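Residue numbers (this note's numbering): 7 to 183.
Below is the structure:
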């Protein structure tokens, strides 16, 4: 993880089926979508514990959270993944990165051994995202697109032409022309 994500500031995550992890407009749920061009597909990266764990923050300023709420009670052991802004950050918002095979393929694991994964069931649940211990490891693979990196700070003798930093990341993002 240190080599792949250490400079990542904003990323997109894409499933093995080509769908992106999306922060829903209700500011609570997350889902999958084939359209990764939306700002809702962007997640800012925050490191925890010397980069062993990370937090992903949506454009709504809320964290990707592994909840304890059953996804489909009595049908599945999966639990819901949601967006939250807790008063105190906890391990529910922390994800461990496991690199697998390709440089840009990872698995995100909770501190309790559950993996972030797209739910591939029947509608209306098909595009939701859960966390659990899956039967197939392939279903937990996510491809990373690094969309923005942190600036590398170097000493400069004069900085009159130093570029302005971008505005805070949010869903209200608009491109400057």
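Glycine is no exception: its CB is placed at the ideal position from the N, C-alpha and C atoms.
As the structure is a prediction and not an experimental result, all values here were calculated from the model.
Query raised in the report: Which same chain residues, not among the five before or five after residue 19, have their C-beta less than 6 Å away from its C-beta?
Result: 27 and 148
Query raised in the report: Grouping DSSP H, G and I as helix and E and B as strand, with all else coil, what is residue 97?
Result: helix
Query raised in the report: When DSSP builds the beta bridges, which residues end up paired with residue 125?
Result: For residue 125, which the question treats as bridged, DSSP gives no partner whatsoever.
Query raised in the report: What are the uninterrupted segments assigned as alpha helix (DSSP H) that are 4 or more residues long and contained completely in the segment 8 to 38, given in chain order?
Result: 8 to 11
Requested in this report: With DSSP as the reference, label residue 68 as helix, strand or coil.
Outcome: coil
Report task. Specify the secondary structure class of residue 42 as computed by DSSP and reduced to three states. Result -> coil
Report task. Return the CA-CA distance between residue 60 and residue 30, expressed in angstroms with no decimal places. Result -> 21 Å
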